[in-house]
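Just remember that the numbering used here sits 1497 ahead of the position in the sequence shown, which is counted from 1.
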Amino acid sequence: MGKCKFNVSWLEDVRFRGWLASVANPEQARCIPCKSTFKLGTMGIKAVVSHMQSQKHKTSARSHTQTPAISTFCISATAADGPRC
Ligand SMILES: [Zn+2]
1498 MGKCKFNVSW LEDVRFRGWL ASVANPEQAR CIPCKSTFKL GTMGIKAVVS
1548 HMQSQKHKTS ARSHTQTPAI STFCISATAA DGPRC
């Protein structure tokens, strides 16, 4: 009662795309770079925006985009074509 549920359309939102994920509990959402799950509570999308604007998230998101996983993948994926990356 009064609790907000996860809305899958948020996953298409340009602000949340790439880091927001749904969890089994529809009253919660998951942040991929923060590796954390947060409650939507009564705020719903505002809880998502609030998380996005938190310092913790900004720090996590920054290190997440700098993760070497992508370039490592890129090198191995294109190894046959030479070191283009
Ligand atoms: Zn986060």
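C-beta atoms are modelled at their ideal positions from N, C-alpha and C, and glycine is treated no differently.
DSSP places lysine 1502 outside both helix and strand once states are collapsed to three, so it counts as coil. Cα atoms of lysine 1553 and cysteine 1531: separation of roughly 8 angstroms, rounded to the nearest angstrom. Residues with their Cβ less than 6 angstroms from any non-hydrogen atom of ligand 1, running along the chain, are Cys1528, Pro1530, Cys1531, His1548, His1554, Ser1557. Nearest Cα to lysine 1536 within the set Leu1517, Glu1524, Phe1513: Glu1524.
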